[in-house]
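Q:
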Amino acid sequence: MTKKQEAIQLFEEGFNCSQAVLGAFSKDLNLDQEMALKIATGFGGGSRNGELCGAVAGALMVLGLKEEQGSIVCKDLLGYDLSKPEEYQILIEQGKFKTDCPKYISCAIELLENL
Numbered sequence: 016m017t018k019k020q021e022a023i024q025l026f027e028e029g030f031n032c033s034q035a036v037l038g039a040f041s042k043d044l045n046l047d048q049e050m051a052l053k054i055a056t057g058f059g060g061g062s063r064n065g066e067l068c069g070a071v072a073g074a075l076m077v078l079g080l081k082e083e084q085g086s087i088v089c090k091d092l093l094g095y096d097l098s099k100p101e102e103y104q105i106l107i108e109q110g111k112f113k114t115d116c117p118k119y120i121s122c123a124i125e126l127l128e129n130l
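Under my numbering, the first residue of the sequence shown carries the number 16, and numbering increases by one thereafter.
And the structure:
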């Protein structure tokens with residue numbers, strides 16, 4: 016299984032984007048995956064307030080990522096502010112967590128694998 020596949024699988028299992036990225040690299044970092052998932056917990060959803068994209072935060076924890084998608088701000092990437100309940104609901108209704116977040120996770124993994 017590739018890192019990208021592992022990260023997407025973690026995300027589909029219910030872990031957030033930051034956990035998915037760091038979790039996929041945990042073995043390479045000699046870091047227990049359970050610990051990696053705990054470390055990255057608070058960084059998903061733009062650190063729970065729609066700011067820095069969790070996939071980017073996960074990549075930064077591993078090595079670094081800078082503006083590959085035109086922004087590193089979660090609410091800019093998704094087009095809605097996760098800290099506002101009404102906008103969060105729109106994201107759910109539009110399925111953006113299932114369509115957009117996996118793209119950002121994949122991008123982060125590709126960048127890390129190519130470094």
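The beta-carbon is built from N, C-alpha and C at its ideal position, and this holds for glycine as well. Computed from a prediction, not measured in an experiment: that's the story for all the values here.
Which first and last residues belong to the alpha helix (DSSP H) in which GLY38 is found?
A: Counting from one through the sequence shown, the residue named residue 38 turns up at place 23. Element bounds for GLY38: 32-40.
Q: In chain order, what residues of the same chain lie with their CB nearer than 6 angstroms to the CB of ALA72, ignoring the 5 residues before and after it?
A: As a first step, residue 72 must be located in the sequence shown, where it is residue number 57. SER33, PHE58, listed in sequence order.
Q: Tell me which same chain residues have a C-beta within less than 6 angstroms of the C-beta of ALA51, skipping the five on either side of it?
A: Reading the sequence shown from its first residue, position 36 is the one you call residue 51. Here the set comprises LEU37, GLY38, SER41.
Q: In terms of residues, what are the limits of the alpha helix (DSSP H) holding LYS99?
A: Position 84 of the sequence shown holds residue 99. From DSSP, LYS99 is part of no alpha helix (DSSP H); its letter is neither H nor E.
Q: Among ALA74, ASP115, VAL77, LEU75, which residue has its Cα nearest to the Cα of GLY94?
A: Within the sequence shown, the letter at position 79 stands for residue 94. GLY94 has its Cα closest to that of ASP115, out of ALA74, ASP115, VAL77, LEU75.
Q: By the 10 Å Cβ neighbour count, where 16 or more other Cβ atoms means buried, how is ILE107 classified, buried or exposed?
A: By one-based count along the sequence shown, residue 107 stands at place 92. By the 10 Å Cβ count, ILE107 comes out exposed.
Q: Run the CB neighbour count on ASP96, radius 10 Å, all protein chains shown included, and call it buried at 16 or more, exposed below.
A: Along the sequence shown, one-based indexing puts residue 96 at 81. ASP96 should be labelled buried.
Q: Please return the same chain residues whose Cβ sits closer than 7 angstroms to the Cβ of CYS89, not counting the five positions on each side in sequence.
A: Taking the first residue of the sequence shown as position 1, residue 89 is located at position 74. Counting only Cβ-Cβ distances below 7 angstroms, and skipping sequence neighbours, we find GLY60, GLY61, GLY65, GLU66, LEU67, CYS68, GLY69, LEU97.
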